[in-house]
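Each residue of the sequence shown is one higher than the last, beginning at 1 in full-length UniProt numbering.
For glycine and all other residues, C-beta sits at the position ideal for the given N, C-alpha and C.
Just so you know, these numbers come straight off a predicted model, no measurement behind them.
Heads up: the structure comes next, in structure tokens.
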Amino acid sequence: MSSTDADRHPPTALIVGASRGLGHAMAAELFDRGWNVIGTVRDATARTLLHDLADRSDGRVSVEHLDINEPTQLAPLHERLAPRTLDVLFVNAGTTNNEPTPIGAVPTADFVDVMVTNALSPMRVIEALEDLVSPTGLIGAMSSGQGSITNNTTASREVYRGSKAALNMFLRGFSVRQVQQHESRRAFVLMAPGWVGTALGDRTRHSPSTRASRGWWTFCCRGWGSPVSRIWIASVRPSHGEPHPGGDTGAPLSPPRWRRLPVRSPAGSVRLAC
Numbered sequence: 001m002s003s004t005d006a007d008r009h010p011p012t013a014l015i016v017g018a019s020r021g022l023g024h025a026m027a028a029e030l031f032d033r034g035w036n037v038i039g040t041v042r043d044a045t046a047r048t049l050l051h052d053l054a055d056r057s058d059g060r061v062s063v064e065h066l067d068i069n070e071p072t073q074l075a076p077l078h079e080r081l082a083p084r085t086l087d088v089l090f091v092n093a094g095t096t097n098n099e100p101t102p103i104g105a106v107p108t109a110d111f112v113d114v115m116v117t118n119a120l121s122p123m124r125v126i127e128a129l130e131d132l133v134s135p136t137g138l139i140g141a142m143s144s145g146q147g148s149i150t151n152n153t154t155a156s157r158e159v160y161r162g163s164k165a166a167l168n169m170f171l172r173g174f175s176v177r178q179v180q181q182h183e184s185r186r187a188f189v190l191m192a193p194g195w196v197g198t199a200l201g202d203r204t205r206h207s208p209s210t211r212a213s214r215g216w217w218t219f220c221c222r223g224w225g226s227p228v229s230r231i232w233i234a235s236v237r238p239s240h241g242e243p244h245p246g247g248d249t250g251a252p253l254s255p256p257r258w259r260r261l262p263v264r265s266p267a268g269s270v271r272l273a274c
């Protein structure tokens with residue numbers, strides 16, 4: 001999109017979970033590229049990087065409160081956002097547990113917390129707010145390469161892996177329903193960002209801003225406004241280097257890798273890329 005187009009009709013993105021890390025980097029990247037951005041934070045009383053971005057945005061970045069594990073907060077958020085049309089709805093919020101714990105030893109409360117936060121709650125957000133998204137907009141969520149069953153060769157982070165695999169299946173099912181029941185022409189995206197230097201990842205690895213600029217913007221340009229409803233899984237991968245236990249490396253980044261496998265439906269084609 002050119003700066004002239006952005007000045008005439010700036011698109012709007014809602015980033016759920018934008019107080020820090022990848023969510024904040026996404027919000028900052030879109031703002032820098034001329035978008036209007038709405039970001040959510042879980043703690044309504046804490047000062048975050050998103051607030052700092054909003055303060056210097058001249059009104060183009062706004063902050064909303066949402067704890068995705070509190071379903072009663074979704075209807076009020078929908079009401080506050082109802083006057084606006086979203087071009088992108090992206091759920092970034094997530095969590096993990098004590099990673100070395102084998103699945104059989106994971107406390108039930110920890111299992112429920114990770115699965116609800118990473119798989120159920122993002123879908124509740126999407127289901128509750130999807131009607132605010134433009135008919136040709138983009139709906140997505142932050143997944144992980146560790147959600148891949150095929151690529152699991154280390155048996156680490158078992159609950160986290162399972163939660164991301166569940167999220168992949170849930171958003172896949174949602175996209176199929178949208179096409180079959182509503183003839184949706186939106187794009188649907190699951191993003192695998194790789195090993196990133198955030199509180200949830202490893203601060204010695206690639207910075208969130210690097211991932212956002214090289215990965216997020218690529219899939220936004222690739223998916224937003226697609227003429228056919230589709231679901232993409234985008235994985236931002238290093239170009240070389242030895243893999244770490246989660247399946248990524250510390251090497252320089254290469255563009256996202258895409259492979260499209262069409263799955264026919266009565267309304268059109270839903271596509272999976274990985």
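Can you tell me which of the three DSSP states residue i falls into?
i           : result
residue 150 : coil
residue 92  : coil
residue 183 : coil
residue 68  : coil
residue 87  : strand
residue 135 : strand
residue 97  : coil
residue 242 : The predicted position of residue 242 is uncertain, since its pLDDT is 33 and thus under 50; a value taken from the coordinates is nonetheless stated next. Three-state DSSP puts residue 242 in coil, outside helix and strand.
residue 39  : strand
residue 141 : strand
residue 163 : helix
residue 281 : The structure shown does not extend to residue 281, since the chain spans only 1 to 274, so no value can be given for it.
residue 175 : helix
residue 117 : helix
Which residue from the options puts its Cα closest to that of residue i?
i           : options           : result
residue 110 : 68, 119, 41, 97   : 97
residue 190 : 173, 182, 43      : 173
residue 122 : 136, 89, 146      : 89
residue 159 : 106, 182, 149, 10 : 106
residue 40  : 134, 31, 20, 33   : 20
residue 119 : 171, 64, 50, 57   : 171
residue 113 : 163, 104, 46, 178 : 163
residue 60  : 44, 33, 155, 147  : 33
residue 165 : 57, 177, 115, 28  : 115
residue 56  : 36, 183, 72, 151  : 36
residue 30  : 179, 44, 10       : 10
residue 82  : 104, 103, 134     : 134
To which residues of the same chain is residue i closer than 8 Å at the C-beta, ignoring the five residues directly before and after it?
i          : result
residue 74 : 66, 124, 125, 128, 129
residue 84 : 12, 38, 132
Report the CB separation of residue i from residue j in whole angstroms; it is logged as a contact under 8 Å.
i           : j           : result
residue 69  : residue 18  : So it is not a contact: roughly 16 Å between Cβ atoms.
residue 94  : residue 142 : 6 Å
residue 13  : residue 86  : 7 Å
residue 140 : residue 192 : About 11 Å separates the two Cβ atoms, so there is no contact after all.
residue 186 : residue 138 : 7 Å
residue 80  : residue 64  : 7 Å
So residue i is in the alpha helix (DSSP H); what residue range does that whole segment cover?
i           : result
residue 103 : Counting along the chain, residue 103 falls outside any alpha helix (DSSP H), and DSSP gives it neither H nor E.
residue 24  : 21–32
residue 125 : 121–129
residue 80  : 74–81
residue 51  : 49–55
Start and end of the beta strand (DSSP E) containing residue i?
i           : result
residue 190 : 187–192
residue 65  : 61–65
residue 13  : 12–16
Can you find the residues in the same chain that come closer than 7 Å, C-beta to C-beta, to residue i, ignoring five residues on each side of it along the sequence?
i          : result
residue 62 : 38, 54
Which residues in the same chain have their Cβ closer than 6 Å to the Cβ of residue i, if we skip the five residues on either side of it in sequence?
i          : result
residue 42 : 67
residue 23 : 15, 17, 92
residue 99 : 157
residue 49 : 20, 24
Would you say the beta carbon of residue i comes nearer than 7 Å to a heavy atom of the ligand MN?
i           : result
residue 116 : As presented, the structure is devoid of all ligands, the ligand MN included, so that no description of it is given.
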